[in-house]
Amino acid sequence: MADARVMNFFEHQDRARKKTGRLILLFVVAVLGMAVAVHAVVVGVVYSVQAETASKNARLPSLDELLFDPVIFGAVFAGLVLLIGLASLIRVVQLRGGGSSIAAMLGGRSIDPATRDPNERRLMNVIEEMAIASGVPMPDVFVMDDESAINAFAAGYAPDNAAIAVTRGTLERLSRDELQGVMAHEFSHILNGDMRINIRLMGVLFGILALTVIGRILIRAGSGGRSSRSKGTPVFLLAGLALLIIGYLGAFIGRIIKSAVSRQREYLADASAVQFTRNPYGLAGALKKIAGLEGGSLIASPKAEEASHLFFGQGIRFSMLSGLLSTHPPIVERIQRVDPSFNPELPGAFDVAEAAHGGSGLVSGLAGSAFTLPVAEIVSEDPGTIVTRVGSLDAASAGVGEAIHRSIPEELRDAARTGDGACAVVFALLFAVEPSMRAEQITLARRFDDAVAANAARLFEPVQGLDPRARLPLVDLAAPALRTLAPERIAALGPTIEALVAADGQVTLFEWCLQWLIAKRARRQTGRATRVAFESVKPLIPDMAALLAQIARAGNPADANDARTAFEAGVARIAELAATKPKYEHAERPAWDRVGRALDRLAQASFEIRGAFIDAAAHTAFADRHVTVNESDLLRVVASSLACPLPPFVNA
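When you line the sequence shown up against numbering that gives the first Met the number 0, it's residues 0 to 651, in that order.
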């Protein structure tokens with residue numbers, strides 16, 4: 000592969016995988032300890048039952064023989080692992096909807112993308128700007144109406160199925176700058192791979208608690224059940240109590256592990272939020288309000304304990320052993336890390352005033368500045384730096400994200416926030432400039448819906464006025480509304496888009512990017528994160544070559560020699576690929592189906608391989624030392640397809 004280089008995002012993903020391995024090891028040790036304890040209980044039950052039922056002359060195995068019988072211990076251990084594994088699997092399946100299912104479990108209400116509530120609209124605007132700035136797909140957004148405290152969380156298996164939820168107190172009490180600080184903190188969790196660990200923790204802890212269910216069953220059996228006539232069995236009663244204690248003890252140890260992992264991640268997320276917003280006082284202000292508010296960040300939902308490690312602030316109260324069980328560092332310490340000048344002893348140190356709903360924006364003065372250069376050249380910089388920007392949170396990207404968001408006319412943003420309006424926006428983006436061709440496409444759109452087609456025709460003019468760098472971000476903003484469509488409407492959307500694209504007999508790079516994004520974004524992504532199937536470059540060499548060839552062609556559609564030079568620059572970055580000496584063939588029409596299949600396969604590679612490929616793709620696009628809109632669109636779609644969010648390119 001390419002030479003070693005700084006890859007923060009990929010290091011985070013690798014660290015997340017290693018942390019998962021360490022967590023599994025810790026929980027295996029905990030389960031082994033539980034198995035030893037349960038084994039002792041089972042041996043005690045077996046010994047007691049045999050002593051009661053065996054004849055006087057029968058030889059009974061001694062207690063020592065039973066305790067050291069490998070068959071009994073093996074059966075107990077296998078049964079315990081099966082019980083915990085099945086219970087964990089059931090919980091994970093219950094959460095297969097990703098972040099949205101967790102938000103719903105905690106009492107969250109999905110916010111309508113077209114909401115007119117001022118607080119909700121402010122939140123949606125902040126999240127839209129951050130999604131554009133970070134390259135993360137627009138998450139589903141929820142509000143926990145019954146929670147008056149200040150808190151929030153991000154959950155999901157991957158950026159594609161992430162959800163962000165906030166409490167009513169967060170909406171009502173935080174200023175825009177404070178809200179931005181909290182949301183930047185949550186986006187950090189999305190980018191750092193924390194969400195997968197969080198869901199796995201929920202599953203394992205739920206599995207360990209399953210032992211308490213068996214304990215309760217034995218207690219009921221031992222006490223005679225509900226019938227006053229039934230005779231209880233003291234040995235089962237004692238065994239049930241023992242299992243209940245062991246189950247809760249195992250869960251207690253699991254919570255200590257969960258809390259220790261969570262506390263360290265909160266420091267990282269706080270630091271990333273400050274880096275992203277370039278405004279430590281926003282995040283510090285939110286933390287101060289939590290510290291000064293009665294109830295602070297405490298969550299009332301009965302499910303809060305299970306999800307306590309997800310929250311922005313401490314979600315549940317601990318009266319004993321808080322140092323061990325607290326999922327978050329002390330709040331004063333968090334404030335002082337963000338704002339070293341903070342003195343908790345000063346009067347008014349903890350401000351709990353209601354929110355001032357203004358705000359200077361993410362980076363004041365940058366709005367619009369990212370759109371002053373000619374469209375043909377977005378950036379000219381060292382291509383080796385591009386891969387380091389994957390999954391990054393920085394103020395420059397934040398300014399560009401805000402500028403892109405503001406550059407989209409309110410008319411288009413409003414349309415993109417309703418299901419039918421989002422369809423109209425997508426159709427308008429595909430309409431041809433040539434009037435007769437556009438008229439034919441409008442006729443095709445009417446097969447989907449007359450009103451949507453008419454709205455698309457009306458939106459054509461504002462769409463034409465868009466800066467080209469805002470086109471795909473607009474598609475991403477439309478995705479949440481598209482997911483609200485009825486299943487039959489979503490099913491009809493794909494064929495309509497294909498018909499509009501095929502109307503002129505060719506598929507442009509932008510049209511393919513739009514189709515690919517809609518296919519990935521319009522349906523709510525569920526299930527686990529993509530399984531890693533490829534730890535080696537070798538089986539992916541044909542796929543990498545095909546993708547690099549298309550990127551080279553995108554930047555040099557009319558010059559085969561320049562495209563070949565760009566292709567070879569990318570190939571040289573991956574030693575295993577370069578060794579095969581792939582040849583560049585300048586096809587007149589790109590094989591988009593081949594590109595899609597290659598992306599699907601690369602998405603199953605390790606993050607190390609994905610990072611190496613993105614580096615090669617950047618060197619292909621930057622072979623001529625500048626990147627066009629088409630190249631930047633394709634690079635960002637490729638990175639997004641590999642679950643490696645790439646922020647917008649920044650002007651040099």
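Virtual Cβ for every residue (Gly too), placed ideally from N, Cα, C.
This structure is a prediction, so every number in the text was calculated from the model and none was measured.
One Cα belongs to Ala456, the other to Ala431, and the distance between them is close to 11 Å. Counting only unbroken stretches of 4 or more residues, the alpha helix (DSSP H) elements lying wholly within the stretch 579 to 630 are 591 to 601 and 606 to 620, in sequence order. Asp449 counts as exposed, since fewer than 16 other C-beta atoms from the protein chains shown sit within 10 angstroms of its C-beta. Per DSSP, Asp111 lies in no beta strand (DSSP E) segment and is marked neither H nor E. DSSP, read as helix, strand or coil, puts Met33 in helix. Around the Cβ of Ile216, a 10 Å sphere holds fewer than 16 other Cβ atoms; the residue is exposed.
Shown here, Met137 sits in coil according to DSSP, grouped into three states, outside any helix or strand. Taking the C-beta atoms as reference points, Gly281 is found no nearer than 8 Å to Ile289. Between the stretch 116 to 132 and the stretch 144 to 152, the count of Cβ pairs shorter than 8 Å is below three; the stretches do not touch. CA-to-CA, the gap between Ile218 and Thr169 works out to about 44 Å. The residues Ala590, Arg593, Val594 and Ala597, in chain order, have a CB closer than 8 Å to that of Ala545 in the same chain once the five nearest residues on each side in sequence are set aside. Annotated three-state conformation of Thr166 is strand, per DSSP.
The stretch 70 to 80 makes no contact with the stretch 124 to 138: fewer than 3 CB pairs, one atom from each, lie closer than 8 Å.
With at least 16 other beta carbons inside 10 angstroms of its own, Gly106 counts as buried.
Judged by DSSP in its simplified three-state form, Ala148 adopts coil rather than helix or strand. According to the DSSP assignment, Asn560 belongs to the alpha helix (DSSP H) that extends over Ala559 to Val570. A straight line joining the alpha-carbon of Arg412 with that of Leu539 spans about 39 Å. Three or more beta-carbon pairs drawn from the stretch 467 to 475 and the stretch 403 to 411 are found closer than 8 Å, and the two stretches are therefore classed as touching. Per the C-alpha coordinates, the member of Arg482, Arg336, Leu645 and Gly253 positioned closest to Pro112 is Arg482.
Annotation for Leu458: Leu411, Ala414, Ala423, Val424 and Ala427 place their beta carbon closer than 7 Å to its own, counting only its chain and skipping 5 residues before and after. Distance between Leu178 and Glu171, taken at the CA atoms: about 10 Å. Bounds of the alpha helix (DSSP H) holding His184 are Arg175 to Leu190. For Asn278, no alpha helix (DSSP H) run applies, since DSSP gives it neither H nor E. With a beta-carbon spacing of about 10 Å, Ile403 and Leu465 fall beyond the 8 Å limit used to define contacts.
Counting only residues of its own chain and dropping the five nearest sequence neighbours on each side, Arg572 has a CB closer than 8 Å to the CB of Ala1, Ala611, Asp614, Ala615 and His618.
The DSSP-derived three-state label of Val531 is coil. In the three-state reduction of the DSSP assignment, Ala299 falls in the coil class, being assigned neither a helical nor a strand state. Counting C-beta atoms within 10 angstroms of its own C-beta, Met33 has 16 or more neighbours from the protein chains shown and is therefore classed as buried. Between Gly249 and Ala29, the C-beta spacing is below 8 Å. About 7 Å separates the Cβ atoms of Asp632 and Leu508, confirming a contact at the 8 Å cut-off. DSSP places Cys422 in the uninterrupted alpha helix (DSSP H) bounded by Gly418 to Leu429. By the criterion of at least three beta-carbon pairs nearer than 8 Å, the stretch 323 to 332 is in contact with the stretch 258 to 271. A contact is defined here as three or more CB-CB pairs under 8 Å, and the stretch 190 to 202 meets this definition with respect to the stretch 148 to 164. Judged by beta-carbon spacing, Val91 lies within the 8 Å limit of Gly202, meaning their Cβ atoms are closer than that value. Here Phe459 carries a helix assignment [DSSP, helix/strand/coil].
With a threshold of 16 other beta carbon atoms within 10 Å, Pro479 meets it and is buried.
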